[in-house]
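> Chains as they are written, first to last, in this note's numbering: chain A, 394 to 616; chain B, 394 to 616; chain C, 394 to 616; chain D, 394 to 616.
4 protein chains.
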Amino acid sequence: MPKPTFFNLPDDKRARILDLAIEEFAAHGYRAASISRLVAAAGIAKGSFYQYFDDLDDLYHTLLHLGGEQKARYLQATPPPDPAMSPFDYLRWMLRGSVGFEVANPRLARIAYQALMGDGPAEGFVTEMRAALMTFYRAMLARGIEYGHLDPGLDLDAAAFVLTSTLLPLSQYLLSRIDLEPEDLVRPGGPHAAEIEALFDGLLHILEHGMGLHAPEKATHHG
Amino acid sequence: MPKPTFFNLPDDKRARILDLAIEEFAAHGYRAASISRLVAAAGIAKGSFYQYFDDLDDLYHTLLHLGGEQKARYLQATPPPDPAMSPFDYLRWMLRGSVGFEVANPRLARIAYQALMGDGPAEGFVTEMRAALMTFYRAMLARGIEYGHLDPGLDLDAAAFVLTSTLLPLSQYLLSRIDLEPEDLVRPGGPHAAEIEALFDGLLHILEHGMGLHAPEKATHHG
Amino acid sequence: MPKPTFFNLPDDKRARILDLAIEEFAAHGYRAASISRLVAAAGIAKGSFYQYFDDLDDLYHTLLHLGGEQKARYLQATPPPDPAMSPFDYLRWMLRGSVGFEVANPRLARIAYQALMGDGPAEGFVTEMRAALMTFYRAMLARGIEYGHLDPGLDLDAAAFVLTSTLLPLSQYLLSRIDLEPEDLVRPGGPHAAEIEALFDGLLHILEHGMGLHAPEKATHHG
Amino acid sequence: MPKPTFFNLPDDKRARILDLAIEEFAAHGYRAASISRLVAAAGIAKGSFYQYFDDLDDLYHTLLHLGGEQKARYLQATPPPDPAMSPFDYLRWMLRGSVGFEVANPRLARIAYQALMGDGPAEGFVTEMRAALMTFYRAMLARGIEYGHLDPGLDLDAAAFVLTSTLLPLSQYLLSRIDLEPEDLVRPGGPHAAEIEALFDGLLHILEHGMGLHAPEKATHHG
DNA sequence: TATGAATGAGCTTTCATTCAT
DNA sequence: CATGAATGAAAGCTCATTCAT
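1. Name the residues in the region 547-565 of chain A whose C-beta lies less than 7 Å from a C-beta of chain B; which are they?
2. Could you give the distance in angstroms between the alpha-carbon of Met530 (chain A) and the alpha-carbon of Tyr566 (chain B)?
3. Taking 7 Å as the cut-off, decide whether the C-beta atoms of His602 (chain C) and His602 (chain D) are in contact.
4. Less than 8 Å between C-beta atoms, sequence neighbours within five positions excluded: which residues of the same chain meet that for Gly616 (chain C)?
5. Looking only at its own chain, which residues have a Cβ that is under 8 Å from the Cβ of Ser427 (chain C), when we skip the five neighbours before and after it?
6. Hey, would you say Val555 (chain B) sits closer than 7 Å to Ile599 (chain A), going by beta carbons?
7. How many angstroms separate the CA atom of Ile571 (chain C) from the CA atom of Glu588 (chain C)?
8. Among residues of its own chain, excluding the 5 on either side of Ala553 (chain A), which ones have a beta-carbon nearer than 6 Å to its beta-carbon?
9. Consider the Cβ of Met510 (chain D): report whether some Cβ of chain C lies at a distance smaller than 7 Å.
10. Between Ala669 (chain C) and chain D, is there a C-beta pair that is closer than 7 Å?
11. So for Leu543 (chain D), helix, strand or coil by DSSP?
12. Given Met394 (chain B), which residues of its chain have a CB within under 7 Å of its CB, disregarding the five upstream and five downstream residues?
13. Under the rule that 16 or more other beta-carbon atoms within 10 Å means buried, what is Lys381 (chain A), buried or exposed?
14. What does the Cβ neighbour count give for Asp405 (chain A), buried or exposed, with the cut at 16 atoms within 10 Å?
15. Just how far apart, CA to CA, sit Leu596 (chain A) and Pro472 (chain B)?
16. Roughly how many angstroms lie between the CA atoms of Gly460 (chain D) and Tyr506 (chain D), to the nearest whole one?
17. Check whether the Cβ atoms of Ile415 (chain D) and Leu484 (chain D) lie closer than 7 Å to each other.
18. Can you tell me where the alpha helix (DSSP H) with Phe399 (chain D) in it begins and where it stops?
19. For Ala524 (chain C) versus Leu457 (chain C), is the C-beta distance shorter than 7 Å?
20. Classify Tyr540 (chain D): buried if its beta carbon has 16 or more other beta carbons within 10 angstroms, exposed otherwise.
21. From which residue to which residue does the alpha helix (DSSP H) around Leu487 (chain A) run?
22. List the endpoints of the continuous alpha helix (DSSP H) containing Asp450 (chain D).
23. Along the chain, where does the alpha helix (DSSP H) that runs through Gly603 (chain A) open and close?
24. Just the C-alpha distance for Ser569 (chain B) and Ala591 (chain B), rounded to the nearest angstrom, thanks.
25. Rounded to the nearest angstrom, what separates Leu534 (chain D) and Ser558 (chain C) at their Cα positions?
26. Is DSSP giving Ser427 (chain D) helix, strand or coil here?
27. My guess is that Gly537 (chain D) and Tyr423 (chain D) are in contact by the Cβ rule of under 8 Å, so how many angstroms apart are they, rounded?
28. So which residues on chain D does Ile599 (chain C) lean against when the C-beta distance must stay under 7 Å?
29. With 7 Å as the threshold, decide whether the Cβ of Gly595 (chain B) is near any Cβ in chain A.
30. Does DSSP put Leu561 (chain A) in a helix, in a strand, or in coil?
31. Please report the distance separating the alpha-carbon of His454 (chain C) from that of Phe518 (chain C).
32. If distances are taken between C-alpha atoms only, which option among B:Gly511, B:Val492, B:Pro545 comes closest to Ser564 (chain B)?
33. Which chain B residues are close to Arg424 (chain A), counting only those with a beta carbon under 7 Å from its beta carbon?
34. Out of A:Leu549, A:Gln444, A:Asp594, state which residue places its alpha-carbon closest to the alpha-carbon of Gly546 (chain B).
35. If you drop the 5 nearest sequence neighbours on each side, which residues of the same chain put their C-beta closer than 8 Å to that of Lys439 (chain B)?
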């Protein structure tokens with residue numbers, strides 16, 4: 394938790410520090426991030442850092458929380474589909490939102506991704522978030538079964554694992570595959586919008602047929 | 394690339410150094426691994442390290458190559474099924490082999506996993522290996538389509554991505570979920586063999602139905 | 394010397410600051426005492442400290458003076474015996490008083506003791522106080538000779554040195570030897586009152602016979 | 394305990410480092426001694442210090458042990474008097490030796506003195522040494538009683554306390570009183586030899602008469 | 001080849017002190 | 001008078017790397 398001093402800072406200064414901190418962690422990872430480098434980049438005194446934060450860990454957790462809040466706000470900008478409908482519609486909504494946010498905030502996304510992949514301190518926050526993700530997907534799938542959209546014989550553990558493993562690295566994959574500026578990547582009518590939607594289609598098709606109740610006629614999905 | 398000096402070492406000494414290096418990287422990660430700690434643990438002189446390797450990066454890549462070779466040897470111990478048969482039989486073979494190897498070499502597996510997840514130096518090797526994995530899966534899937542086992546409309550990129558993302562973290566997931574000693578985990582008749590096979594079944598079912606040509610009668614997979 | 398600001402403070406606030414300052418110096422010693430820690434404990438602003446004192450040294454000397462005054466007041470509460478009588482009666486009075494005060498104010502006593510033992514700044518104050526102590530004892534001893542209570546051949550320097558060296562650490566010794574709460578230690582009828590009086594007897598006996606004119610019959614002091 | 398590296402150093406370099414370390418601790422005390430200052434003075438790299446010692450504490454204890462050994466060697470150069478004789482003869486021997494050593498090694502003596510006075514880390518070594526001193530004096534006094542040199546009614550605790558308290562700071566007192574170069578102070582025929590012996594006489598007289606069995610005729614000690 | 005002492009840059013952290021509000 | 005943000009010097013300590021033996 395940052396010290397009150399940090400929140401009393403002028404908005405632009407606080408924002409600049411956070412931005413450079415994101416830069417630092419994204420560039421060097423949790424373990425090799427350096428307070429010295431950060432304060433040099435930010436043009437503030439070494440001692441000032443400790444007026445704002447307890448230590449690097451404090452700043453790190455601040456960044457992760459910040460990322461979580463920002464992503465939540467971003468997702469809420471587009472209302473989610475009716476949960477009684479197919480969970481794949483829901484997934485598509487979430488997928489568009491997540492990728493949109495992460496492509497718009499690639500460095501912050503990279504930090505969160507690495508945190509969930511085992512970089513960063515092993516304790517608390519991260520472990521909880523991984524578990525929360527799995528739990529969330531399990532619940533979503535269970536609801537899907539209840540509403541008759543999913544195969545009742547589905548192995549929930551396996552399915553939640555597939556979802557987590559697949560969706561987490563998705564935007565990193567996109568960013569690496571399409572070597573473009575992030576902002577160009579997801580602009581609604583941008584040059585890659587079609588390509589991305591195609592990938593979403595392919596992905597969701599696999600998941601849907603892998604997990605869903607597929608009537609024979611639905612098999613001709615991509616005529 | 395290690396220097397010739399390293400290969401002239403007595404076998405046991407060379408093995409001990411590699412083993413402790415694995416320990417060091419697995420325990421502290423690529424960025425926080427320390428030559429000082431390693432030579433102290435190995436009981437060799439600081440200078441000797443530089444007789445064997447250029448630097449930590451050199452050793453790191455050596456370890457990754459070593460892991461690759463060992464895994465290849467391990468997999469080849471069990472002959473793969475006929476590639477003309479269902480790619481899911483092939484996948485199951487590979488899955489059993491991979492998980493078996495990684496659970497038998499948890500620290501080495503952890504290093505490789507973290508390397509592929511973005512720890513380690515961003516350059517060369519790692520990126521290549523990720524690409525190689527994707528390419529390998531793409532080829533496997535293409536062959537599956539060719540032989541009529543897979544839906545010809547399958548989005549190869551999406552499918553290869555799902556496979557890569559799902560199979561890479563699988564053994565880490567298993568190790569975390571089943572809180573047991575690694576060696577107990579995969580012993581053929583061990584206490585968790587059934588549980589693991591069930592997870593494999595669930596996983597392959599999803600992938601198979603998501604990607605395959607599913608005859609209607611196969612839908613009752615787990616009666 | 395504290396600044397006037399300090400004396401204009403509400404009594405309770407001023408007292409609290411002094412009390413916490415005593416705590417700080419007693420706990421960490423002169424050299425490791427920290428303004429930062431003190432103001433944090435006292436809940437005052439960093440800058441406020443400098444409104445009250447020049448620096449840590451200023452506060453330190455204030456504490457020492459304060460201790461001196463308090464001790465003087467404490468001693469005067471019990472009227473000293475007639476100086477024309479044996480200086481050992483006088484010593485016993487002083488001893489009781491000193492030990493009583495120091496045991497009642499252990500942290501303040503500890504600071505003063507360490508100051509006189511060479512902790513603290515080498516300059517001025519401390520040296521003076523040590524010299525003053527010696528001078529005081531010399532005068533007392535000289536008066537004892539004058540009044541015929543002491544051996545006229547007594548080496549005044551040696552004797553004053555013995556007194557100073559012996560009495561200064563006395564209460565520290567008592568506190569360390571008897572592992573009890575300070576307040577229990579000197580309560581008139583307390584469990585250790587007898588033990589302490591016995592030590593006083595032993596001590597004064599040695600000093601008296603070492604320095605005094607001892608009539609043969611007084612040799613049977615502790616039948 | 395210093396690391397082996399330190400003992401492999403050339404003699405003169407090792408000696409210079411120890412000497413400057415003594416200087417550092419004597420000048421600034423245990424708590425304010427600084428590795429940075431020391432290495433600057435010694436002209437060695439910061440890192441080199443840590444090749445020799447674990448940390449400041451390690452060096453500090455090394456110095457104390459070194460002082461103890463040197464003093465023991467110094468004392469053994471003059472054979473002690475027969476312990477069956479008066480303990481005051483023994484005391485005089487010890488006193489001459491101690492003062493001689495401490496005046497010849499004033500800074501080392503100051504460090505040890507401050508250590509025994511409560512500077513330095515509270516743990517182990519120091520507490521033990523204080524207790525050892527008291528025990529040693531108690532034993533000496535008990536032997537004195539046994540051999541009939543001391544008053545059998547003597548309070549051993551009180552007496553041992555007087556001895557410890559008096560003799561410990563003696564050379565510090567001498568050094569402060571006689572403002573001379575240490576080496577001039579104890580040279581056998583030096584300008585202050587007589588003065589010092591006189592102080593010894595005075596001191597021992599007090600102790601002897603305070604603790605001893607004084608036959609009436611011995612009372613005329615300084616005729 | 002093996003050694004391990006030497007090095008200095010770099011790290012995190014604490015500190016007393018100043019000063020604008 | 002009170003405040004607390006800003007500062008940079010200085011601390012202890014670790015590190016990879018070099019090099020003479």
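We put the beta carbon where it would ideally sit given N, CA and C, even for glycine.
These numbers come from a predicted model, not from an experiment.
The relevant details are as follows:
1. Asp548, Asp550, Ala551, Ala552, Phe554, Val555, Ser558, Thr559, Pro562
2. Residue mapping note: residue 530 (chain A) aligns to position 137 of the first sequence, counting from 1. Residue mapping note: residue 566 (chain B) aligns to position 173 of the second sequence, counting from 1. Reading off the sequence, residue 530 (chain A) comes out as Tyr, not Met. About 16 Å.
3. By one-based count along the third sequence, residue 602 (chain C) stands at place 209. By one-based count along the fourth sequence, residue 602 (chain D) stands at place 209. Closer than 7 Å, so yes.
4. As a working note, residue 616 (chain C) is residue 223 in the third sequence. Here Gly616 (chain C) scores only 34 on pLDDT, less than 50, and its place in the model should not be relied on; the value that follows carries that caveat. Here the set comprises nothing.
5. Looking up residue 427 (chain C) in the third sequence gives position 34. Hits under 8 Å: Glu417, His421.
6. Here residue 555 (chain B) is taken as the residue at index 162 of the second sequence, counted from 1. Here residue 599 (chain A) is taken as the residue at index 206 of the first sequence, counted from 1. The answer is yes: Cβ separation under 7 Å.
7. Translated into positions along the third sequence, residue 571 (chain C) becomes position 178. Translated into positions along the third sequence, residue 588 (chain C) becomes position 195. Those two C-alpha atoms are separated by around 10 Å.
8. To locate residue 553 (chain A), count along the first sequence from 1; it is residue 160. Excluding residues within five positions, the ones whose Cβ falls inside 6 Å are Met527, Tyr530, Arg531.
9. Residue numbering aside, residue 510 (chain D) sits at position 117 when the fourth sequence is read from its first letter. Closer than 7 Å: yes.
10. No answer is possible for residue 669 (chain C): it lies beyond the span of chain C, which begins at 394 and ends at 616.
11. Reading the fourth sequence from its first residue, position 150 is the one you call residue 543 (chain D). Residue state, collapsed to three classes: strand.
12. Numbered from 1 along the second sequence, position 1 holds the residue referred to as residue 394 (chain B). Excluding positions up to five away in sequence, the list reads Asp451.
13. Outside the displayed span of chain A (394 to 616) sits residue 381 (chain A), for which this structure offers no information.
14. Here the question's residue 405 (chain A) lines up with position 12 in the first sequence. Burial call: exposed.
15. By 1-based counting over the first sequence, the position of residue 596 (chain A) is 203. By 1-based counting over the second sequence, the position of residue 472 (chain B) is 79. In a straight line, the C-alpha of Leu596 (chain A) is about 31 Å away from that of Pro472 (chain B).
16. By 1-based counting over the fourth sequence, the position of residue 460 (chain D) is 67. By 1-based counting over the fourth sequence, the position of residue 506 (chain D) is 113. Rounded to whole angstroms, Gly460 (chain D) to Tyr506 (chain D) spans 11 Å at the Cα level.
17. Position 22 of the fourth sequence, counted from the start, is the residue given in the question as residue 415 (chain D). Position 91 of the fourth sequence, counted from the start, is the residue given in the question as residue 484 (chain D). The answer is no: Cβ separation not under 7 Å.
18. Taking the fourth sequence and counting its residues from 1, the one referred to as residue 399 (chain D) is at position 6. Counting along the chain, the alpha helix (DSSP H) containing Phe399 (chain D) begins and ends at 397-400.
19. Numbered from its first residue, the third sequence carries residue 524 (chain C) at position 131. Numbered from its first residue, the third sequence carries residue 457 (chain C) at position 64. No, they are not a contact pair.
20. Locating residue 540 (chain D) in the fourth sequence gives position 147, where the first residue counts as 1. Exposed is the call here.
21. The residue given as residue 487 (chain A) occupies position 94 in the first sequence. The amino acid occupying residue 487 (chain A) in the given sequence is Met; Leu does not appear at that position. Met487 (chain A) -> alpha helix (DSSP H) spans 480-497.
22. Residue numbering aside, residue 450 (chain D) sits at position 57 when the fourth sequence is read from its first letter. Start and end: 449-469.
23. The count along the first sequence starts at 1 and reaches residue 603 (chain A) at position 210. Unbroken alpha helix (DSSP H) run through Gly603 (chain A): 586-604.
24. The residue given as residue 569 (chain B) occupies position 176 in the second sequence. The residue given as residue 591 (chain B) occupies position 198 in the second sequence. So the two alpha carbons sit approximately 17 Å from each other.
25. Counting from 1 along the fourth sequence, the entry for residue 534 (chain D) is found at position 141. Counting from 1 along the third sequence, the entry for residue 558 (chain C) is found at position 165. Roughly 19 Å separates the two Cα atoms.
26. What you label residue 427 (chain D) is simply residue 34 of the fourth sequence in a count that begins at 1. DSSP places Ser427 (chain D) in coil when its eight states are reduced to three.
27. Here residue 537 (chain D) is taken as the residue at index 144 of the fourth sequence, counted from 1. Here residue 423 (chain D) is taken as the residue at index 30 of the fourth sequence, counted from 1. At roughly 35 Å, the Cβ-Cβ gap does not stay under 8 Å, so Gly537 (chain D) and Tyr423 (chain D) are not in contact.
28. Here the question's residue 599 (chain C) lines up with position 206 in the third sequence. Residues of chain D passing the Cβ test: Ala551, Ala552, Val555, Gly603, Met604.
29. By one-based count along the second sequence, residue 595 (chain B) stands at place 202. So yes, Gly595 (chain B) belongs to the interface.
30. Position 168 of the first sequence holds residue 561 (chain A). Coil at Leu561 (chain A), not helix or strand.
31. As a first step, residue 454 (chain C) is located in the third sequence; it is residue number 61 there, counting from the start. As a first step, residue 518 (chain C) is located in the third sequence; it is residue number 125 there, counting from the start. Each residue's alpha carbon lies about 8 Å from the other.
32. For this step, residue 564 (chain B) is matched to residue 171 along the second sequence. Taking only the C-alpha atoms, the option nearest Ser564 (chain B) is B:Val492.
33. In the first sequence, the residue the question calls residue 424 (chain A) occupies position 31. In chain order: Gly422, Arg424, Ala425.
34. Along the second sequence, read from residue 1 onward, the residue named residue 546 (chain B) stands at position 153. Ranking A:Leu549, A:Gln444, A:Asp594 by Cα distance to Gly546 (chain B) puts A:Asp594 first.
35. Numbered from its first residue, the second sequence carries residue 439 (chain B) at position 46. Within the same chain, Lys439 (chain B) has close Cβ partners Ile428, Ser429, Val432.
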